[in-house]
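Here the protein sequences come in this chain order: A and B. When we follow our numbering, the leftmost residue of the first sequence carries the number 1, and every step to the right adds one. When we follow our numbering, the leftmost residue of the second sequence carries the number 792, and every step to the right adds one. Using N, Cα and C, we set each Cβ at its ideal position, and we do this for glycine too. Single-structure report; data block below.
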Amino acid sequence: MTPSVRLQEMIRIIRSARTQGEERGVIQRECAAIRAQFRQADNGGRSHNLAKLLYVHMLGYPAHFGQMECVRLIASPRYSDKRVGYLGAMMLLDEKQDASLLITNSIKNDLSHSSQYVQSLALCTLACMGSSEMCRDLAPEIERLLKSSNSYIKKKAALCAVHIVRKVPELGEMFTPSVRALLSEKNHGVLHGAVVLITELCERNPETLDAFRKAVPELVQIMKGLVTSGYSPEHNVAGISDPFLQVRILRLLRILGRNSDTASDAMNDLLAQVATNTDSSKTAGSAVLYETVLTIMDIKSESGLRVLAVNILGRFLLNNDRNIRYISMTSLQKIVQTDHNAVQRHRGTIVDCLKDPDASVKRRALELSLALVSAANIRSMMKELLTFLSSCPPELRAHAASGIFNAAERYAPSQRWHIDTILHVLTTAGGDVRDETVPNLIQLITTASDLHSYTVHKLYRALVTDISQQSLVQVACWCIGEYGDLLLKGDCEETEPAEVTEDDVLDALETVLQSHMSSPSTRAFALTATMKLSTRIRDNIDRIRSIVSIYGSCIDLELQQRAVEYNALFKKYDHMRAAVLERMPVIDKSSPGHTNGEIPGGTVKEPEQLKPKPPVTGLTQQPASQVCDLLDLLGGTDKPSEPSLAPPTTAATSTNSTVGGDLLDLLGGLEPTPVPTVTVYEKNGVMVKLQCDKHTDTAVTITLIASNSTENDVTNFTLQAAVPKSIQLQMKAPSGDVIPAQGMGHVTQTVLLHNPSKATLKMRVRVCYSSQGTMCQDTVQVDSFPSPVEN
Amino acid sequence: MMRFLLLFSRQGKLRLQKWFLPLPEREKKKIIRDMTTMVLARNPRTCNFLHWKDLKIVYKRYASLYFCCALEEQDNELLALEVLHRYVELLDKYFGNVCELDIIFNFEKAYFILDEFLMGGEIQETSKLTIAKSIEASDMLQETMEEYMSKPAF
């Protein structure tokens, strides 16, 4: 039984093992036998034993004990031993093993062997696993072999040199002189090796690159020969003469022509010729054309040539072969920035590729489509992209959604279109959008003030249909809370009219609150929206109260806190509920509050920071910091006084902390001394007087006194004030918010003005109240303050 | 430059592995696992190119074997398809209507042929004829030596 059959016998046995365990057993037995054989002295079957070991190694079992055997076999004089030994070296030894150094000497000897096949083994092994030391040692040998007369050896030596240059770049200089001569060879193998070596040398050394630019005419000649030559049976592949060599030459030309006008000029004709004459019906031709296109786009080619290249890519897009379509899209992606108009011409085909069943093609088409969106084609492109979004594979959804948002933001033709687009994305792929989408969309909605009614109607309808997409639900809740009154009014020109009752709206919000699909932040949105509606609806306030109070004992801490605070708003601070829950101002995208949750430093300085905290922190980041900005005013910082005024919330806190003190203050303010008063507001029977209690150079204390001469009580009476920048304002708690009818009582509120810069005192006062069923709101400006009597 | 070339069956069994870059054993095993899972999971009607880490993976199925190679950024994928096809043609010429069993039982021959075609991740020889001749000559050399060695007169 000759040894080689034993190898095949072993393979057969291993393959017939029925279980993994059985296979392991067989292999262990064989490995033991092999190890025993290795330990024996020289015997004829060594190479076959190593071959068996290599098979075992390929199955994944450890075979490191064969390493020394490889070294021994390589040193053997027999060709069959060397063949298997070198194969073993390439499989088992790599530069990290110490044993690899041991074969350096054998390789060196074999490089000068009389048989070219032994030489080739050594060259191949060196090129496969040669370490830097081995390369340094053997580089002179390789250089010598480059000049040999044997083409078989020359071509292998060239590739071995490539490996050496990759491992030890400095050695490149050694090969540069000899490789130039190789370009005049006729043998394709040698030519190919030479081109690869030159490419490698030029990529690593800019001086070599300059030197080899002179070889461009020679390379062009070789290419021309290949392209125009007749049928050569030896090198022909599907009608193309040696596509492998053609592609490598084109690649070298690309490197040489980059950044060089002269070199690029020299190859223009050739590239045009290759581009027009190559038959691309088979992969070989397409490979050559592809490389040509890459070269044209990378060098300094004339514009006609570039257009030709882009057209080739466009043709590829229509090719039946999926691979070619994929390739063309990757290439178009690379050039879409620089040759935008040329690529735009193929937009239709690219958009069609969005429907290709292949996922890789789809991905490429998506990226290209997003890159091609412009102001001119935004509407049609968006239609396509949205259709794509509804049917695209899940791994592409997030990318598609964010791409659509970016495109919509840059090129939206109108605000309504923008909002529609975002809503569409949220309904189809709401789960895949990024977190910033929700605040961004809210900000967008607040700026589009004429579309509030339309937006809230659409969102309400979307909410009623489906509450699973969290981003959509959050935005919808926010809008319903904010613009609920517009929703209930029901008339909106842009959508079909629908009767929405207060119960419907509250039902919708309650569903969101109770659904297990809602995330905790979504429920928080819903709760706040419900609360906000309490000032925008008339009949179901009790229902809201009950909803809110239920959540006062919710396990979720955030919800619980909100519910408790809202409850407090209902109970103790009912008079300020309207002001707290009124319409948000337009959110400015670049306002200081527009950060994720960071509240500008100034707000924290509030002097009376006690429970219940102003119930605004739970809202989305921007509105939260917006209201905190308002609080800022009261905190006495340098924020400019805006007409959005000092809310009574801080007044609420001051009430809590200094309850007793304020009352005393109030009492103090009401001393019936003949202090100067000025009427600042008089309308509808309501009169507000300003009384100046104390007046120093830097501080003024005034009291605002409101009285009512109508027949009915005035309810929900609130005063807000604002002062110029340099003055600081502090409003104490009002005495109440109901002004009894017919002058039977007053509402007073003390205001402290701190004026360190002694600026002219000016104040703007806003008066809000309910009189005879109507809400009234007025603003007056107080320019002159009465000076108190000097005591 | 080609980084590696793998041949595996439809059940994921490795039939040939050629690495053109030094890698630790564990790394190689992981790559083999990744490649087999990725390629075997592909729909038959998708394109033959994949993106994996920073490499382009080109694969082609021939009967029951998957030929899979990894390319660097600047390499031409369409040409890689041609390279794989050329290798299959060489095997076919050598074994005569090659099938998976031939490669299993004569794996060392498959390696020898590959080593005549590719070296250091690059193509060595673009002519089918030349490669076939070299393999033939090497085989003859091997047999001659063996015959010579096993002759009783020696």
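- Look at the stretch 382-401 of chain A: it has no residue with a C-beta under 9 Å from a C-beta of chain B.
- Using a C-beta cut-off of 8 Å, the stretch 320-336 of chain A makes contact with the stretch 829-846 of chain B, since at least three inter-stretch Cβ pairs fall below that distance.
- With fewer than 16 other CB atoms across the displayed protein chains lying within 10 angstroms of its CB, D210 of chain A is exposed.
- Only residues of its own chain outside the window of five on either side were considered, and among them A359 have a CB closer than 6 Å to the CB of P393 of chain A, listed in chain order.
- The alpha-carbon of W843 of chain B is positioned some 23 Å away from that of Y878 of chain B.
- Taking all protein chains shown into account, R166 of chain A has 16 or more neighbouring C-beta atoms within 10 Å of its C-beta and is therefore buried.
- Only exposed fits N341 of chain A, as fewer than 16 other CB atoms lie within 10 angstroms of its CB.
- By the criterion of a C-beta distance shorter than 6 Å, L761 of chain A is surrounded in its chain by F785, once the five residues flanking it on both sides are discounted.
- Three or more beta-carbon pairs drawn from the stretch 342-354 of chain A and the stretch 306-321 of chain A are found closer than 8 Å, and the two stretches are therefore classed as touching.
- With respect to the 8 Å criterion, L197 of chain A and F175 of chain A are classified as neighbours on the basis of their beta carbons.
- Judged by DSSP in its simplified three-state form, V723 of chain A adopts coil rather than helix or strand.
- In the DSSP assignment, M381 of chain A falls within the alpha helix (DSSP H) that extends over 378-391.
- Remark: C-beta atoms of S534 of chain A and I544 of chain A approach each other more closely than 8 Å.
- Between the alpha carbons of I419 of chain A and I445 of chain A lies a gap of roughly 7 Å.
- The C-alpha of E927 of chain B is placed about 16 Å away from the C-alpha of V84 of chain A.
- Around the CB of S735 of chain A, 16 or more other CB atoms lie within 10 Å, so the residue is classed as buried.
- Uninterrupted alpha helix (DSSP H) stretches at least 4 residues long and entirely within the stretch 117-167 of chain A occur at 132-146, 151-167, given in chain order.
- V849 of chain B carries a strand assignment under DSSP once its states are collapsed to helix, strand and coil.
- Interface flag for T921 of chain B against chain A is set, since a Cβ pair is found closer than 8 Å.
- Using a Cβ-Cβ cut-off of 8 Å, L875 of chain B does not count as an interface residue toward chain A, since no Cβ of chain A sits closer than that to its own.
- Taking 7 Å as the cut-off between beta carbons, the residues of the stretch 7-27 of chain A near chain B are Q8, I11, in sequence order.
- Minimum Cα-Cα distance from K924 of chain B among the listed residues B:T935, B:I904, B:L909 corresponds to B:I904.
- Proximity of P835 of chain B to chain A, defined by a Cβ-Cβ separation below 8 Å, is not satisfied.
- Of all alpha-carbon atoms in B:F795, B:A832, B:K809, the one lying nearest the alpha-carbon of R801 of chain B is that of B:A832.
- For M91 of chain A, the enclosing alpha helix (DSSP H) stretches over residues 79-92.
- With respect to chain A, the C-beta atom of A832 of chain B has no partner C-beta closer than 8 Å.
- Per DSSP, the unbroken alpha helix (DSSP H) holding L366 of chain A starts and ends at 359-372.
- Across the set A:L488, A:I27, A:I555, A:C135, the C-alpha of A:I27 shows the shortest separation from the C-alpha of H57 of chain A.
- The beta carbon of Q742 of chain A sits closer than 7 Å to the beta carbons of S709, E711 from its chain, once the five residues preceding and following it are set aside; these are given in chain order.
- The beta carbon of Q67 of chain A lies closer than 7 Å to those of L92, L93, Q97, A99 in the same chain, with the five residues before and after it left out.
- Near chain B, meaning a CB-to-CB distance below 9 Å, the residues of the stretch 317-334 of chain A are D321, R322, N323, I324, R325, Y326, I327, T330.
- For the stretch 228-290 of chain A, the continuous alpha helix (DSSP H) assignments of 4+ residues that do not extend past its boundaries occur at 243-257, 261-277, in sequence order.
- Within the model, the alpha-carbon separation for V767 of chain A versus K725 of chain A is close to 21 Å.
- Taking a Cβ-Cβ threshold of 8 Å, none of the residues of chain B is close to L111 of chain A; the smallest such distance is about 15 Å.
- Within chain B, no residue has its CB atom less than 9 Å from the CB of M267 of chain A, the nearest being about 18 Å off.
- Judged by DSSP in its simplified three-state form, F405 of chain A adopts helix.
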